[in-house]
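*Asks:*
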Amino acid sequence: MSEFKASEDVWVVERDPETDERYGKSCYVCLAQVNDYVICSAQPYGIYDFNEMLEYLSDETLENDGETLFVFPVSECYHTREDADNA
8 MSEFKASEDV WVVERDPETD ERYGKSCYVC LAQVNDYVIC SAQPYGIYDF
58 NEMLEYLSDE TLENDGETLF VFPVSECYHT REDADNA
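Under our numbering, read the sequence shown as residues 8 to 94, first letter to last.
Quick look at the structure:
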């Protein structure tokens with residue numbers, strides 16, 4: 008099992024929940040890995056510093072009554088786009 012660290016890119020294989028067929032991949036930012044799950048956020052536009060991103064997410068949570076986080080099984084997560092392509 009691969010380990011993901013906070014601030015790393017996470018490439019996620021997207022699958023149809025009914026057929027389990029793969030239909031794409033997306034890139035997120037890892038916030039944490041807990042057991043067999045990776046907790047991610049979308050990359051806020053134009054923010055590439057991790058601490059700045061956390062501050063932005065915190066502000067959004069306070070101002071907009073929540074920010075969307077994503078939780079994926081680690082088995083669908085990859086460190087590179089190429090690895091996700093080859094999955």
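Backbone N, C-alpha and C fix where the C-beta goes; we use that ideal spot for every residue, glycine too.
With a threshold of 7 Å between beta-carbons, can E21 be considered close to chain C, or not?
*Replies:* Absence of chain C from the displayed structure is noted, only one protein chain being present.
*Asks:* In or out: L64 buried (at least 16 other Cβ within 10 Å) or exposed?
*Replies:* Stepping through the sequence shown from its first residue, residue 64 is reached at position 57. L64 is buried by the Cβ-count criterion.
*Asks:* Check whether the Cβ atoms of Y44 and V19 lie closer than 7 Å to each other.
*Replies:* In the sequence shown, residue 44 corresponds to position 37, counting from 1. In the sequence shown, residue 19 corresponds to position 12, counting from 1. No, these two residues do not count as a Cβ contact at 7 Å.
*Asks:* How about N93: is its Cβ closer than 6 Å to a heavy atom in the ligand SAM?
*Replies:* Ligands displayed in this structure: none; no statement on the ligand SAM is therefore possible.
*Asks:* Taking all protein chains shown into account, do 16 or more other C-beta atoms lie within 10 angstroms of the C-beta of Y35, making it buried, or fewer, making it exposed?
*Replies:* For the purposes of this step, residue 35 is taken as residue 28 along the sequence shown, with counting starting at 1. Its Cβ being crowded by 16 or more others within 10 Å, Y35 is buried.
*Asks:* Taking the alpha helix (DSSP H) that A91 falls in, what are its first and last residues?
*Replies:* The count along the sequence shown starts at 1 and reaches residue 91 at position 84. Where A91 is concerned, the enclosing alpha helix (DSSP H) stretches over 88-93.
*Asks:* Applying the criterion that 16 or more other CB atoms from any shown protein chain within 10 Å of the CB defines a buried residue, is Y85 buried or exposed?
*Replies:* For the purposes of this step, residue 85 is identified with residue 78 of the sequence shown, where counting begins at 1. Under this definition Y85 is a buried residue.
*Asks:* Taking the continuous alpha helix (DSSP H) assigned at F57, which residues delimit it?
*Replies:* Here the question's residue 57 lines up with position 50 in the sequence shown. 57-71 is the span of the alpha helix (DSSP H), which, as asked, contains F57.
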